[in-house]
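Participant:
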Amino acid sequence: MTDKDFYKTFFKNYGILCGIIVTVFVVMFYSVKLSRKSWNENLKKSVETVLEEKLPEEWFVGNAIHLKNNLSSNAAAYQIRNKKDFTDAIAVIIRTQTFYGPIPAVYIYQNQNGEVQNNSQNSFQNEVIFVGYSSIHGIVERQLMFAGTDKRIQYWQQKIPAIIALSDISNNNTKEKSKGGK
């Protein structure tokens, strides 16, 4: 076998391997893109279920908010509106670690005036309200709710304003305010 034949078969095999790798990545990319809609819809249903169980007939869940941070695979946010006084807020579902493993927890992010704020972490407990855990019922739910002063709940109450500050909705709110002020 000559050097020319050796390199010809080497590059042919190498090209086939690279083609297979590229094909696998393309298939993975499109499968993630296609499943994103159903993923958001199922998370929205989870948020609706928790809000309806804990605060019946109080909130309407709207569109998803795109989070621009590294936690976007562990968290999702949705626009919500109060059915009684029509104030807007944000519902955040985020994976939290508990004694029973990672469980999605639902929070409501709203200030006292009913408006979403960008960067006020001083009064976070007035703005971020822990609603409950998703898909947990019975004795496990009672045990987790008895730990209501859990540091993990307080941790996410402090972090959620910063997560929302990077989202599309807070950027749209600041753009609308700047346009309205001119």
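Every letter in the sequence shown is one number past the one before it in numbering that gives the first Met the number 0, and letter 167, counting from 1, is 166.
Note that the Cβ used here is the ideal one computed from N, Cα and C, for glycine as well.
Since the model is a prediction, treat every value here as computed from it, not as a measurement.
Apply the 10 Å Cβ neighbour rule to F129 and answer buried if 16 or more other Cβ atoms are within range, or exposed otherwise.
Facilitator: buried
Participant: Roughly how many whole angstroms lie between the Cα atoms of M27 and K83?
Facilitator: If you take the alpha carbons of M27 and K83, they lie about 44 Å apart.
Participant: Looking only at its own chain, which residues have a Cβ that is under 6 Å from the Cβ of L50, when we skip the five neighbours before and after it?
Facilitator: Here the set comprises W58.
Participant: So is Q111 buried or exposed if we call it buried at 16+ other beta carbons inside 10 Å?
Facilitator: Interpretation of Q111 is limited by its pLDDT of 46, a score under 50 that renders its predicted location unreliable; no figure is taken from the coordinates.
Participant: I need the boundaries of the alpha helix (DSSP H) containing G18, first residue and last residue.
Facilitator: D2 to K53
Participant: What's the call for V105, buried or exposed, on a 16-neighbour Cβ count within 10 Å?
Facilitator: buried
Participant: Grouping DSSP H, G and I as helix and E and B as strand, with all else coil, what is Q156?
Facilitator: helix
Participant: Can you pull the DSSP bridge partners for G100?
Facilitator: Paired residues: T97.
Participant: For a test of the three-state rule: what should DSSP assign to I135, helix, strand or coil?
Facilitator: coil
Participant: Within 8 Å, do at least three Cβ pairs link the stretch 132-141 to the stretch 87-102?
Facilitator: yes
Participant: Whole angstroms are fine: how far does the CA of A164 sit from the CA of I92?
Facilitator: Distance between the alpha carbons of I92 and A164 is about 16 Å.
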